[in-house]
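See structure below.
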Amino acid sequence: FCFFPWAEEERSSRDFELLLNPGGFEALAWVDSSFGGVPEGAVEGCPLTDIFVGRSPAGLGKVSKEQQALFVAVDGEELWYKWYQVLVVRSDPADVSIANVTYNESAALASAQPALL
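Heads up, the sequence shown is in my numbering, so the first residue is 397 and it goes up one at a time.
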């Protein structure tokens with residue numbers, strides 16, 4: 397089940413999607429915001445609406461521009477926060493490194509052709 401805040405209550409649904417970032421490969425970051433503010437690159441929580449992914453010390457929730465707050469479901473209730481963080485896709489250059497590369501040499505084929513780069 398997915399538990400979410402709605403109309404001052406905590407609701408649940410069997411139908412939901414997860415945002416995964418295995419290995420931290422995508423350039424995502426949590427950015428401080430408040431009072432309905434949403435930074436550039438904010439991750440939408442609901443397409444075609446002004447709802448974005450946010451978090452507070454109590455957990456994950458939804459940021460509403462219209463209601464100028466973050467809403468989180470806690471112990472059956474919908475709590476709101478005026479200071480929160482918003483999940484954003486960073487536009488700055490990512491620092492990605494690849495380490496411990498191994499090759500399956502048994503599958504290699506010898507070639508007299510020059511390598512094209």
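Glycine is no exception: its CB is placed at the ideal position from the N, C-alpha and C atoms.
If residue i and residue j are in contact, beta carbons under 8 Å, what's the gap, nearest whole angstrom?
| i | j | result |
| --- | --- | --- |
| residue 438 | residue 482 | 5 Å |
| residue 406 | residue 399 | 6 Å |
| residue 468 | residue 477 | 7 Å |
From the DSSP output, in three-state form, read off residue i for me.
| i | result |
| --- | --- |
| residue 460 | strand |
| residue 518 | No statement about residue 518 is possible, as the shown extent of the chain runs from 397 to 513 and does not include it. |
| residue 524 | The chain is shown from 397 up to 513; residue 524 falls before or after that span and cannot be answered. |
| residue 511 | coil |
| residue 408 | strand |
| residue 432 | coil |
| residue 401 | strand |
| residue 487 | coil |
| residue 504 | coil |
To the nearest angstrom, how far is it from the Cα of residue i to the Cα of residue j?
| i | j | result |
| --- | --- | --- |
| residue 435 | residue 427 | 8 Å |
| residue 413 | residue 501 | 40 Å |
| residue 470 | residue 493 | 38 Å |
Beta strand (DSSP E) containing residue i: first to last residue?
| i | result |
| --- | --- |
| residue 469 | 465-470 |
| residue 452 | 447-452 |
| residue 416 | Run containing residue 416: none; DSSP gives neither H nor E here. |
| residue 475 | 473-477 |
Going by CA-CA distance only, name the one from the options that's closest to residue i.
| i | options | result |
| --- | --- | --- |
| residue 446 | 470, 473, 460 | 460 |
| residue 480 | 493, 464, 488 | 464 |
| residue 401 | 441, 507, 496, 488 | 441 |
| residue 419 | 474, 488, 507, 495 | 495 |
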